[in-house]
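Asker:
Numbering (the UniProt record's numbering), first residue to last: 1 to 84.
(1) Under the three-state reduction of DSSP, which class applies to residue 83: helix, strand or coil?
(2) Going by CA-CA distance only, name the one from 58, 50, 37, 27 that's closest to residue 43.
(3) Less than 8 Å between C-beta atoms, sequence neighbours within five positions excluded: which residues of the same chain meet that for residue 3?
(4) Contact criterion: CB-CB distance below 8 Å. Does residue 7 meet it with respect to chain B?
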């Protein structure tokens, strides 16, 4: 996480064809879930300072997956529980 230093834009697409448009999101993981559940993710340490303290807490992949399967992802709502 970049501690809100870099903020992504919402992805929008204009279709040129008439009729339905189908989008498919895919993710590739070259590891098993059991291998990554203890890895901790958080704000990039090099982007933090006294003037720019962390605004998100560290989280494990296990917590991310638990939240995802319990609530799903809706926009940026997945970051709200991580705010300090």
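For each residue, glycine too, the CB sits at the ideal point set by N, CA and C.
Answerer: Quick answer:
(1) The count along the chain shown starts at 1 and reaches residue 83 at position 83. Residue 83: strand per DSSP, three-state reduction.
(2) Sequence index remark: in the chain shown, residue 43 carries index 43 (1-based). The option with the nearest alpha carbon to residue 43 is 58.
(3) Taking the chain shown and counting its residues from 1, the one referred to as residue 3 is at position 3. The answer, listed in chain order, is 43, 44, 47, 48, 52, 54, 55, 56.
(4) The chain labelled as chain B is not found in the depicted structure, where only one protein chain is given.
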